[in-house]
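Report on the structure given below.
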Amino acid sequence: MTGARCEKSRPSWRVCVLRGDVHVLRPPQCRGHEQQGRRFGVVVQANELLPRSVVLVAPTSQSARPASFRPEVDVEGEATRVLVEQVGAVDATRLGDLVGHVTAEQLWGIDEALLTVFGLR
Numbered sequence: 006m007t008g009a010r011c012e013k014s015r016p017s018w019r020v021c022v023l024r025g026d027v028h029v030l031r032p033p034q035c036r037g038h039e040q041q042g043r044r045f046g047v048v049v050q051a052n053e054l055l056p057r058s059v060v061l062v063a064p065t066s067q068s069a070r071p072a073s074f075r076p077e078v079d080v081e082g083e084a085t086r087v088l089v090e091q092v093g094a095v096d097a098t099r100l101g102d103l104v105g106h107v108t109a110e111q112l113w114g115i116d117e118a119l120l121t122v123f124g125l126r
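First residue of the sequence shown? That's 6 in the working numbering, and the numbers climb one at a time after it.
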């Protein structure tokens with residue numbers, strides 16, 4: 006990952022993230038409608054604002070219904086939807102293993118969906 010910027014958050018833990026990275030999300034205490042079990046998130050925060058103690062992440066789902074604002078990406082060989090309407094600030098310590106990176110084309114689709122969801126068109 007060329008150009009990754011790292012920061013020590015804890016003495017034995019380093020955060021190296023880039024926009025478009027797909028990470029396993031370590032779950033908080035499950036409450037509300039948050040899915041239980043293994044979940045992935047796509048980093049959508051600008052690289053210029055990384056690293057921080059919190060990171061903007063869009064969760065993914067294999068069971069979410071298709072929608073124009075839910076672009077589809079492959080995570081570990083499985084088709085999954087990026088739930089851009091659920092973008093949130095996630096404590097960087099919740100970012101687990103890096104499992105992949107979306108393609109440039111997929112990132113453009115995520116950007117288009119973010120523009121729609123945030124009403125920026």
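Note that beta-carbon positions come from the ideal geometry of N, C-alpha and C, so glycine has one too. Here the structure is a predicted model, which means the values were calculated and not measured.
Query, Result
"Close Cβ partners of R104 (< 8 Å) along its chain, the five nearest in sequence each way excluded", "The amino acid occupying residue 104 in the given sequence is Val; Arg does not appear at that position. Taken in chain order, the residues that qualify are V27, H28, V29, F45, V80, E81."
"Where L108 falls: helix, strand or coil (DSSP)", "Note on identity: in this sequence residue 108 is Thr, with Leu being the wrong assignment. DSSP places T108 in coil when its eight states are reduced to three."
"Minimum C-alpha distance to W113 - residue among D102, V87, L100, Q91", "V87"
"Close Cβ partners of Q111 (< 7 Å) along its chain, the five nearest in sequence each way excluded", "P76, V78"
"Start and end residues, beta strand (DSSP E) containing T85", "83 to 87"
"Residue range of the unbroken beta strand (DSSP E) whose run includes F74", "Looking at the DSSP string, F74 is not in any beta strand (DSSP E), and its letter there is neither H nor E."
"Cβ neighbours of L55 in the same chain (closer than 8 Å, five flanking residues each side left out)", "R10, V22, L23, R24, V48"
"Sequence-distant residues of its chain with Cβ nearer than 8 Å to E117 (five each side left out)", "P76"
"Paired residues, beta bridge with P64 - DSSP", "G46"
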